[in-house]
Amino acid sequence: MPNVLMVAEKPSLAASLANILSNGKSSSRKGFNGACSIHEWTGSFRNQPAKFKFTSVCGHINGLDFTGKYNSWDRCDPCDLFGAPTEKKEATPKLKMPAFLSSEARGCEYLVLWLDCDKEGENICFEVMDAVSDQIRNIRSPSVTYRARFSAITDKDIKHAMNNLVQPNENEARSVDARQELDLRVGCAFTRFQTKFFQGKYGDLDSSLISFGPCQTPTLGFCVQRHDEIQQFKPESFWYVQVTIEPELKLDWQRVRIFEKEIAMIFYNIVKDQREAVVEQVTSKDSFKSRPLALNTVELMRCASAGLGIGPHTAMQIAEKLYTQGYISYPRTETTTYPANFDLRGVLKQFERSSDYGEDARNILNDFVTPRKGTDCGDHPPITPMKLAHSSDFDSDTRRLYDFIVRHFMGTLSRDLKYKSTTTTFNINGETFTATSNVLIDAGYTKVMTWQAFGKNELATLFQVGDRVKMKEVKLIESQTGPPSYLTESDLISLMEKHGIGTDASIPVHINNITQRNYVTIESGRKLKPTTLGIVLVHGYQKIDPELVLPTMRSAVEKQLNLIAHGTADFRAVTKHAIEIFRLKFLYFVKNIANMDSLFEVSFSSLAESGKAHSRCGKCRRYMKYIQQKPARLHCSHCDETYVLPIGGIARVYRELKCPLDDFELLAWSSGNKGRSFPFCPYCYNNPPFNDMSRASGCNNCTHPTCQHSLISLGVSSCIECEKGVLVLDCTSSPKNWKLGCNSCDCIINIFDDAVKVSVEEDTCECGSQLMTAVYKQEKTPFPDGITEKKGCVFCSSEFAPLIEKHKAVENRRLNSSRGRGRGRGRSHRGRPKVPKDKMSQLAAYFV
DNA sequence: GCAAGGTC
Numbered sequence: 001m002p003n004v005l006m007v008a009e010k011p012s013l014a015a016s017l018a019n020i021l022s023n024g025k026s027s028s029r030k031g032f033n034g035a036c037s038i039h040e041w042t043g044s045f046r047n048q049p050a051k052f053k054f055t056s057v058c059g060h061i062n063g064l065d066f067t068g069k070y071n072s073w074d075r076c077d078p079c080d081l082f083g084a085p086t087e088k089k090e091a092t093p094k095l096k097m098p099a100f101l102s103s104e105a106r107g108c109e110y111l112v113l114w115l116d117c118d119k120e121g122e123n124i125c126f127e128v129m130d131a132v133s134d135q136i137r138n139i140r141s142p143s144v145t146y147r148a149r150f151s152a153i154t155d156k157d158i159k160h161a162m163n164n165l166v167q168p169n170e171n172e173a174r175s176v177d178a179r180q181e182l183d184l185r186v187g188c189a190f191t192r193f194q195t196k197f198f199q200g201k202y203g204d205l206d207s208s209l210i211s212f213g214p215c216q217t218p219t220l221g222f223c224v225q226r227h228d229e230i231q232q233f234k235p236e237s238f239w240y241v242q243v244t245i246e247p248e249l250k251l252d253w254q255r256v257r258i259f260e261k262e263i264a265m266i267f268y269n270i271v272k273d274q275r276e277a278v279v280e281q282v283t284s285k286d287s288f289k290s291r292p293l294a295l296n297t298v299e300l301m302r303c304a305s306a307g308l309g310i311g312p313h314t315a316m317q318i319a320e321k322l323y324t325q326g327y328i329s330y331p332r333t334e335t336t337t338y339p340a341n342f343d344l345r346g347v348l349k350q351f352e353r354s355s356d357y358g359e360d361a362r363n364i365l366n367d368f369v370t371p372r373k374g375t376d377c378g379d380h381p382p383i384t385p386m387k388l389a390h391s392s393d394f395d396s397d398t399r400r401l402y403d404f405i406v407r408h409f410m411g412t413l414s415r416d417l418k419y420k421s422t423t424t425t426f427n428i429n430g431e432t433f434t435a436t437s438n439v440l441i442d443a444g445y446t447k448v449m450t451w452q453a454f455g456k457n458e459l460a461t462l463f464q465v466g467d468r469v470k471m472k473e474v475k476l477i478e479s480q481t482g483p484p485s486y487l488t489e490s491d492l493i494s495l496m497e498k499h500g501i502g503t504d505a506s507i508p509v510h511i512n513n514i515t516q517r518n519y520v521t522i523e524s525g526r527k528l529k530p531t532t533l534g535i536v537l538v539h540g541y542q543k544i545d546p547e548l549v550l551p552t553m554r555s556a557v558e559k560q561l562n563l564i565a566h567g568t569a570d571f572r573a574v575t576k577h578a579i580e581i582f583r584l585k586f587l588y589f590v591k592n593i594a595n596m597d598s599l600f601e602v603s604f605s606s607l608a609e610s611g612k613a614h615s616r617c618g619k620c621r622r623y624m625k626y627i628q629q630k631p632a633r634l635h636c637s638h639c640d641e642t643y644v645l646p647i648g649g650i651a652r653v654y655r656e657l658k659c660p661l662d663d664f665e666l667l668a669w670s671s672g673n674k675g676r677s678f679p680f681c682p683y684c685y686n687n688p689p690f691n692d693m694s695r696a697s698g699c700n701n702c703t704h705p706t707c708q709h710s711l712i713s714l715g716v717s718s719c720i721e722c723e724k725g726v727l728v729l730d731c732t733s734s735p736k737n738w739k740l741g742c743n744s745c746d747c748i749i750n751i752f753d754d755a756v757k758v759s760v761e762e763d764t765c766e767c768g769s770q771l772m773t774a775v776y777k778q779e780k781t782p783f784p785d786g787i788t789e790k791k792g793c794v795f796c797s798s799e800f801a802p803l804i805e806k807h808k809a810v811e812n813r814r815l816n817s818s819r820g821r822g823r824g825r826g827r828s829h830r831g832r833p834k835v836p837k838d839k840m841s842q843l844a845a846y847f848v
């Protein structure tokens with residue numbers, strides 16, 4: 001019997017598709033990666049009996065990244081990224097997706113791809129084929145691999161797809177490859193360039209990363225555009241005639257308002273001395289407010305933000321949780337219409353006995369209305385409740401979001417809100433005024449969606465044509481137009497959706513990004529207010545190349561990519577062309593960065609004027625400034641050079657000692673009390689002097705043969721906790737505290753408390769460690785017979801044992817040492833490197 | 001330390 005492997009885009013879909021195709025007769029087991037399940041049954045394939053295996057991936061198997069040095073910010077020019085080699089890497093290594101798929105494909109003859117029917121899904125099809133090609137022969141053959149095309153997760157649609165299998169569309173898949181490549185190259189090049197440029201110049205930038213992206217930047221652009229409208233807004237005065245009649249009712253003027261005072265005065269004079277208003281016309285009409293469409297992701301995010309004050313990122317996290325706990329259906333969908341066979345009543349019935357929703361649910365069941373027809377995007381059914389929850393099941397936000405989903409669902413099955421609108425027209429000496437009265441006829445869906453309830457404004461009196469109504473007061477009122485408010489998050493989501501910026505799944509990510517990067521802040525009412533940094537960036541792009549921030553940029557790129565998807569253009573040609581355009585844009589941006597910089601200059605303070613004098617520069621001997629804001633840096637304003645410092649912790653001046661190589665004053669970095677610490681030279685830290693010393697190294701990694709702070713002078717033994725580290729004597733807080741610190745991991749061993757001097761000797765113990773000497777004052781010596789100085793091994797000498805803090809770890813090492821010794825000595829990077837005989841020739845070889 | 005797109 002042939003074996004057929006079928007793969008869906010996510011575990012939940014594999015389960016429901018298997019259930020449909022097996023008529024509920026599949027058996028399930030968990031896959032070895034812990035995330036995916038396999039559903040198996042026997043059925044028929046191409047008119048013969050076959051064994052089916054249905055499993056899934058978790059989205060993309062691979063992601064795109066640069067190779068080797070192109071991932072380093074320091075080892076390549078951002079401009080090189082437009083031509084740098086790239087490679088596919090496992091998107092989530094811990095899922096072991098390729099290995100999992102390959103293992104499940106063993107023994108299978110056929111592959112049927114049930115990935116989502118969009119371009120990303122088509123791309124994942126080829127990722128899956130690639131992953132199983134070592135198990136299934138001729139994977140590219142149209143009689144081996146099939147593609148199921150389905151537009152709804154219904155019995156009928158899925159079985160129809162199974163009976164009408166087609167082939168995966170390579171063009172669509174390639175268009176996604178092109179998008180990935182373009183986004184990677186453009187995003188990383190711009191991000192690295194502008195981050196380095198501005199961080200190297202300004203001390204008070206409140207962002208450790210100044211990112212650029214084809215989605216996040218236009219998203220920020222929307223927020224800044226509104227900010228600009230507010231800034232440019234000029235209030236205008238206007239006037240209107242306000243008539244109050246008896247009984248107390250203010251009428252609406254047909255001219256609404258007039259922007260010239262003199263003209264407004266003319267109308268005021270016409271009306272002001274009148275005593276009566278004559279009713280000219282009374283018209284009534286029935287009006288409706290539509291019940292909502294079934295709920296999709298974007299609408300859920302909009303409502304959560306605008307109605308519940310829950311941001312889209314959080315809203316989706318909560319929805320995800322509600323989904324995995326079985327309270328709601330799958331929360332990521334664009335579809336706003338219920339499938340034909342959806343058991344709407346069945347869902348409602350679950351709420352019949354609820355104290356919160358019972359009465360409404362029963363009313364709706366008794367007066368069932370067919371829901372409105374929305375759009376079927378062929379992905380997932382709309383978001384609906386799946387089972388009744390008790391309010392004690394959830395925290396406050398979860399409860400509110402669940403309540404919204406339940407009420408929205410019931411709202412879609414309710415009647416429209418119906419009301420009667422009556423407009424009365426008054427004539428006052430030739431000027432027309434009106435009064436409108438709305439009378440509720442049927443609250444409809446607002447009975448459940450109470451926040452949309454109808455604000456009544458029924459008139460106390462009903463008028464008839466010909467009535468003469470007594471006027472109480474006439475006023476000429478002056479007012480001013482007001483500026484628009486900042487963009488609400490809900491407005492922003494709508495704008496992104498309209499311009500095709502991001503997808504339902506990535507919209508919250510982009511909004512989150514621009515807040516995390518300090519480009520916008522979220523104000524009350526979830527309004528997005530751009531920060532100085534956000535404003536300056538967008539204005540800068542507008543000065544240099546407005547297309548970089550235009551919302552149409554994304555759709556223009558999509559248009560190019562669609563040429564690939566439709567097979568009308570070659571993948572290589574389109575990608576090459578698009579990359580070249582952005583490369584030129586990048587070069588132009590770099591060349592004209594001064595235009596953006598002039599805006600930064602006004603808003604931020606330069607490194608030279610921020611920070612405080614700290615330690616001396618080795619080149620000019622002047623004091624450099626210490627900028628503590630992240631990322632911490634030293635800046636020499638005379639040499640106009642910036643040196644980055646270790647992340648976190650503090651870097652203090654280390655006894656005014658100097659690096660023998662470059663004359664820079666040494667600093668002692670410390671991550672905090674009892675934490676890691678080491679001395680370092682700020683110049684060497686940024687520009688490693690030796691080939692075997694990597695960037696961002698302290699003196700404890702320096703192979704200078706004679707400097708008293710180097711690894712050569714102070715290294716004691718290989719680390720007891722990690723593979724490649726060396727324990728180095730750390731004197732930075734001596735004589736208060738002596739310790740051995742690993743130059744690679746976090747391992748710290750406190751030694752020789754109260755000693756006045758500790759040193760590392762030239763000779764070694766038989767265990768391979770360097771011998772050490774500890775000197776104490778007479779009154780504090782721990783050694784017997786009043787001896788104040790002793791030489792020995794921190795691991796082997798019995799009189800040292802009580803003076804070493806990390807006994808347990810040390811013991812472990814002892815146990816290991818006999819095993820590890822030979823190995824350790826043989827490897828040059830382990831243990832303390834031997835001091836070379838000819839120091840000068842060794843030194844010469846080290847210099848780059 | 002970078003993008004955007006899937007999804008866990």
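Okay, so the first sequence: first residue is 1 according to full-length UniProt numbering, each after it adds one. We put the CB at the ideal spot given by N, CA and C, even for glycine. These numbers were taken from a predicted model, which means no experiment stands behind them.
According to DSSP, residues forming a beta bridge with residue i
i	result
T422	S284 and S437
V474	V243
D252	T434
K89	G63
H614	According to DSSP, which records beta bridges pairwise, H614 is partnered with nothing at all.
K527	T488 and E523
Contact belief for residue i with residue j at Cβ below 8 Å, rounded distance in angstroms
i	j	result
K10	G59	7 Å
V4	A35	Not really, about 22 Å apart at Cβ, beyond 8 Å.
S437	I383	Contact doesn't hold; Cβ gap of about 37 Å is too wide.
C684	D662	7 Å
P682	L645	7 Å
H614	K625	6 Å
Residue i burial status per 10 Å Cβ neighbour count (16 or more: buried)
i	result
L462	exposed
M129	buried
D116	buried
C108	buried
F150	buried
T219	buried
V224	buried
E523	exposed
F690	buried
R676	buried
R345	exposed
Whole-angstrom distance between residue j and residue i, CA atom to CA atom
i	j	result
residue 851	I748	No statement about residue 851 is possible, as the shown extent of the chain runs from 1 to 848 and does not include it.
I7	L113	In the sequence on display, residue 7 carries Val and not Ile. One C-alpha to the other measures close to 5 Å.
Y402	H313	16 Å
K808	A801	Only weak support exists for where K808 lies, its pLDDT of 44 falling under 50; the value from the coordinates is given anyway. Rounded to the nearest angstrom, the two C-alpha atoms are 11 Å apart.
V176	F571	10 Å
G311	T297	13 Å
M496	S555	11 Å
E789	W669	30 Å
K159	I153	10 Å
T423	Q254	12 Å
D467	I477	27 Å
R147	I61	18 Å
The beta strand (DSSP E) enclosing residue i, as first and last residue numbers
i	result
M6	N3 to A8
M772	Q770 to V775
I270	Element bounds for I270: not the beta strand (DSSP E) but the alpha helix (DSSP H), K261 to K272.
Residue interval of the alpha helix (DSSP H) (run including residue i)
i	result
A189	E170 to Q199
Y685	P682 to N686
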